[in-house]
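What follows is a single structure, written as structure tokens, with notes after it.
Protein chains: 2
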Amino acid sequence: MKIVFNKSNLIKSVNIVLKAIPSRTTMPILECILIDATTNIIEFTANDMELGIKTQVEGEIIEKGKIAIDAKIFSEIVRKLPDNEITIESDSNFVTTITCEKAKFSISAKSGEDFSYLPYIEKEKSISVSQFALKEIIRQTIFSIADNENNKIMTGELFEISDGELKVVALDGHRISIRKIELKGFSDDIKVIVPGKTLNEISRILSDDNENFVNIFFTNNHILFEFDNTTVVSRLIEGEYFKVNQMISNTYETKVTINKREFLNSIDRSTLLIKEGDKKPIIINIVDGSLELKINSALGSMNEDIDIDKEGKDIMIGFNPRFLIDALRVIDDENVTLYLVNSKFPCIIKDENEKYIYLILPVNFVAG
Amino acid sequence: MKIVFNKSNLIKSVNIVLKAIPSRTTMPILECILIDATTNIIEFTANDMELGIKTQVEGEIIEKGKIAIDAKIFSEIVRKLPDNEITIESDSNFVTTITCEKAKFSISAKSGEDFSYLPYIEKEKSISVSQFALKEIIRQTIFSIADNENNKIMTGELFEISDGELKVVALDGHRISIRKIELKGFSDDIKVIVPGKTLNEISRILSDDNENFVNIFFTNNHILFEFDNTTVVSRLIEGEYFKVNQMISNTYETKVTINKREFLNSIDRSTLLIKEGDKKPIIINIVDGSLELKINSALGSMNEDIDIDKEGKDIMIGFNPRFLIDALRVIDDENVTLYLVNSKFPCIIKDENEKYIYLILPVNFVAG
Numbered sequence: 003m004k005i006v007f008n009k010s011n012l013i014k015s016v017n018i019v020l021k022a023i024p025s026r027t028t029m030p031i032l033e034c035i036l037i038d039a040t041t042n043i044i045e046f047t048a049n050d051m052e053l054g055i056k057t058q059v060e061g062e063i064i065e066k067g068k069i070a071i072d073a074k075i076f077s078e079i080v081r082k083l084p085d086n087e088i089t090i091e092s093d094s095n096f097v098t099t100i101t102c103e104k105a106k107f108s109i110s111a112k113s114g115e116d117f118s119y120l121p122y123i124e125k126e127k128s129i130s131v132s133q134f135a136l137k138e139i140i141r142q143t144i145f146s147i148a149d150n151e152n153n154k155i156m157t158g159e160l161f162e163i164s165d166g167e168l169k170v171v172a173l174d175g176h177r178i179s180i181r182k183i184e185l186k187g188f189s190d191d192i193k194v195i196v197p198g199k200t201l202n203e204i205s206r207i208l209s210d211d212n213e214n215f216v217n218i219f220f221t222n223n224h225i226l227f228e229f230d231n232t233t234v235v236s237r238l239i240e241g242e243y244f245k246v247n248q249m250i251s252n253t254y255e256t257k258v259t260i261n262k263r264e265f266l267n268s269i270d271r272s273t274l275l276i277k278e279g280d281k282k283p284i285i286i287n288i289v290d291g292s293l294e295l296k297i298n299s300a301l302g303s304m305n306e307d308i309d310i311d312k313e314g315k316d317i318m319i320g321f322n323p324r325f326l327i328d329a330l331r332v333i334d335d336e337n338v339t340l341y342l343v344n345s346k347f348p349c350i351i352k353d354e355n356e357k358y359i360y361l362i363l364p365v366n367f368v369a370g
Numbered sequence: 003m004k005i006v007f008n009k010s011n012l013i014k015s016v017n018i019v020l021k022a023i024p025s026r027t028t029m030p031i032l033e034c035i036l037i038d039a040t041t042n043i044i045e046f047t048a049n050d051m052e053l054g055i056k057t058q059v060e061g062e063i064i065e066k067g068k069i070a071i072d073a074k075i076f077s078e079i080v081r082k083l084p085d086n087e088i089t090i091e092s093d094s095n096f097v098t099t100i101t102c103e104k105a106k107f108s109i110s111a112k113s114g115e116d117f118s119y120l121p122y123i124e125k126e127k128s129i130s131v132s133q134f135a136l137k138e139i140i141r142q143t144i145f146s147i148a149d150n151e152n153n154k155i156m157t158g159e160l161f162e163i164s165d166g167e168l169k170v171v172a173l174d175g176h177r178i179s180i181r182k183i184e185l186k187g188f189s190d191d192i193k194v195i196v197p198g199k200t201l202n203e204i205s206r207i208l209s210d211d212n213e214n215f216v217n218i219f220f221t222n223n224h225i226l227f228e229f230d231n232t233t234v235v236s237r238l239i240e241g242e243y244f245k246v247n248q249m250i251s252n253t254y255e256t257k258v259t260i261n262k263r264e265f266l267n268s269i270d271r272s273t274l275l276i277k278e279g280d281k282k283p284i285i286i287n288i289v290d291g292s293l294e295l296k297i298n299s300a301l302g303s304m305n306e307d308i309d310i311d312k313e314g315k316d317i318m319i320g321f322n323p324r325f326l327i328d329a330l331r332v333i334d335d336e337n338v339t340l341y342l343v344n345s346k347f348p349c350i351i352k353d354e355n356e357k358y359i360y361l362i363l364p365v366n367f368v369a370g
């Protein structure tokens, strides 16, 4: 095999497939990128068996062939080569030389015979969204998936399509994050759970471009993303997702509208007084026209008043500040509205059209 | 005590004295910043008993007094406050409130009675250099001090003043780095060993300004730096420094001039094939007109030719690539000149005027 690339194309493509290289594995073949130039196009593939990525690479095939090459060392070499033409050539023993100007690396590769290609996906049910919209909806929800595997379903996000709308839900037992986007054209009803890891990795490949689209295909076991020259295939998480609609009530006793930036900055300041691992809540005291935020810890105390618009009852309620911060950070509105019932009931932050809904459970606190 | 600052002044001063706050200590008072507003000026001091920093802070004293306040929490609070006037007020129990707009923090401080002020330094022997020059000379040598305490003297740098020249030397048993700068005006002959930690911390406070000067004062046990509104005092390391002049020979068998960037990039690339903790050398083979750099490791092999100007014998020699990289990175010249004797003798990289001298010991290698 002998192929010639220019460095920038090569790096771009290597960086894309790197996202499907597992950080630890007992199977060395999974740590490899398959470079397939057996036809007239060059394709790079990486596949950790849960998540697989294939991308087409611009380059000149001088001699057809394929190899599987260790992803880590290959990507590091490519990155450090001069900014010029890079030639990759392998002999019959798969010893591969990577040449650029006067620099010449030689490393052992594999035949690629035992490499697992991406599974075949029936392209029936699909939607299309802009790369930017998909990237945003992931960023705005992914922080509230659970990071431990005790409940597998919580480590993924619900992708639910109905009535021409994509609803994405993430929850971890303390909070729920929901975002919706409208879809164009007809789409089937779909309800799948996509692994959080897949969503994290894909959002690192997606561009910020609102004009470039991703086609997303669904089967019973897989989700497939197609965009630019890249295909990403991921297994789905099996099981029934939580009945989220039942958890979100529309009744409230107190409704508060507050400047998002002031609220966020104030909560952010309060976290200074919480030592790592400490579960100290912040206490929010809402009266007419004013929200007082306060915290008392071994390190000291803080309090701050913020002007608000308020309807309904006064309320005092405690929260883990982290959860409020996570939600407020991904809301772009200047003002946010909080809906509260009492100090034991979840707080809901949502916009009028419910394009976003963030539910956060309160925590007990000692008034003082 | 009651003082009003604007945020940017306050942060700047806190960041300066923070450099003398130890990361770990069993004495809580050392973790404090002393805020002294007992006179008409405000001074912040921190002192870990080896290194002490005092800086004058702009602000309005409304009520005189002093406190010692935990540096970590104080600096974090100040950083997160709105960008506005900050008021610090302490009561008779040293409970200190920090107020900015509507945010109010309250933390316990100490009286500052048991705080160690900086030692008194007799200002007799001194030199003056620009902040930029001092910062540069530290950056260009500090990487070759030893990082373990087995040989205390190696953890510091020699500051030697004679004949109107400041010579700074750092060495760690594998290499020696020497830089010289000319001094203006008369100066006494001085020879002291300054702790590497002091130099690292001070170079973080110094500005990049060539017009701003530092006055450096020397006593038998201390070095004092005076610049802007700040005073830094450090203990010196006791003992006799190594006789460096005897280690640097002026004879050579091979003299090579090479483009610095090409040489550095090539060595940098070769390090990809060295696993962490591995002591694999790179091999440099010098013949007329060409320097070949090669490495063979379990990960693969690399070789690269670089055009050179050469005088004298051919030579093949092995190096720890790290040491070459460290030296080449801090040399600003387009071309560098290497002086070599044989594969057992150190390589010297120096300019014609010996404003810099970098000596690097070779390592054994298996030719092949």
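Residue numbers (this note's numbering), protein chains in the order written: chain L, 3 to 370; chain A, 3 to 370.
We put the CB at the ideal spot given by N, CA and C, even for glycine.
Every value quoted in this text rests on a predicted model; they were computed, and no experiment measured them.
A39(L) is classed as buried because its beta carbon has at least 16 other beta carbons within 10 Å across all chains shown. Of all residues in the stretch 80-95 of chain L, the ones placed with a Cβ closer than 8 Å to any Cβ belonging to chain A are K82, L83, P84, in chain order. I44(L) does not reach chain A, its nearest Cβ partner there being about 22 Å away, counting only Cβ pairs nearer than 8 Å. Listed in chain order, the non-local C-beta contacts of N231(A) below 6 Å within the same chain comprise T57, Q58, local neighbours out to five positions each way being set aside. Residues E294, M318 of the same chain have their beta carbon placed closer than 6 Å to that of N287(A), with the five preceding and five following residues left out of the count.
By the criterion of at least three beta-carbon pairs nearer than 8 Å, the stretch 161-171 of chain A is in contact with the stretch 189-197 of chain A.
G302(L) reaches chain A at I75, F107, S108, I109, S110, counting residues in chain order whose Cβ is nearer than 8 Å. Around the Cβ of G67(L), a 10 Å sphere holds 16 or more other Cβ atoms; the residue is buried.
Look at F265(A) here: in three-state DSSP terms it is helix. Listed along chain A are K82, each with a C-beta nearer than 9 Å to that of D270(L). Restricting attention to M3(A), C349(A), N217(A), L274(A), the CA atom closest to the CA of E126(A) is found in N217(A). Proximity of I308(L) to chain A, defined by a Cβ-Cβ separation below 9 Å, is satisfied. Flagged as an interface residue toward chain L: N267(A), by a C-beta distance shorter than 9 Å. When the five nearest sequence neighbours on each side are left out, the beta carbons in the same chain lying within less than 6 Å of the beta carbon of E103(L) are those of P84, N86, in order along the chain. Under the three-state reduction of DSSP, L363(A) is assigned to coil, being neither helix nor strand. At a cut-off of 9 Å between beta carbons, L274(L) contacts chain A.
Look at A70(A) here: in three-state DSSP terms it is strand. If you draw a straight line from the Cα of I351(A) to the Cα of T339(A), it is about 6 Å long.
For N305(L), the C-beta contacts it makes with chain A under 7 Å involve K106, in order along the chain. Rounded to the nearest whole angstrom, the C-alpha separation of I308(L) and I90(A) is 21 Å.
Pairwise C-beta distances place the stretch 296-310 of chain L in contact with the stretch 257-274 of chain L, as three or more of them are shorter than 8 Å. Three or more Cβ pairs closer than 8 Å define a contact, and the stretch 141-161 of chain L falls short of that threshold against the stretch 114-121 of chain L.
Residues of chain L with a Cβ closer than 7 Å to the Cβ of E65(A) do not exist; the shortest Cβ-Cβ separation is about 21 Å.
Burial is judged here by how many other beta carbons sit within 10 angstroms of a residue's own beta carbon; D290(A) has fewer than 16 and is exposed. For R324(L), the enclosing alpha helix (DSSP H) stretches over residues 323-331. Between the stretch 247-256 of chain L and the stretch 346-362 of chain L, the count of C-beta pairs closer than 8 Å reaches three or more; the two stretches touch.
Shortest Cα-Cα distance from N11(A) to any of E255(A), G61(A), E356(A) involves G61(A).
In this structure P24(A) touches L32(A) by the C-beta definition: roughly 6 Å separates them, less than 8 Å. In terms of beta-carbon proximity, E255(A) stays away from the interface with chain L, with every pair separated by 9 Å or more. Interface annotation, E78(A): in contact with chain L, CB-CB separation under 9 Å. T47(L) and V235(L) have their C-alpha atoms some 11 Å from each other. A distance below 6 Å between beta-carbons, with the five flanking residues on each side excluded, links N212(L) to the following residues of its chain, in chain order: S132, F134.
In the three-state reduction of the DSSP assignment, S25(L) falls in the coil class. Secondary structure note for T47(L): it is in no alpha helix (DSSP H), and the uninterrupted beta strand (DSSP E) holding it is 44-49. Assignment of beta-bridge partners to P197(A) by DSSP yields G158(A).
A check of alpha carbon separations from K186(A) across Y122(A), N152(A), F215(A) identifies F215(A) as the nearest.
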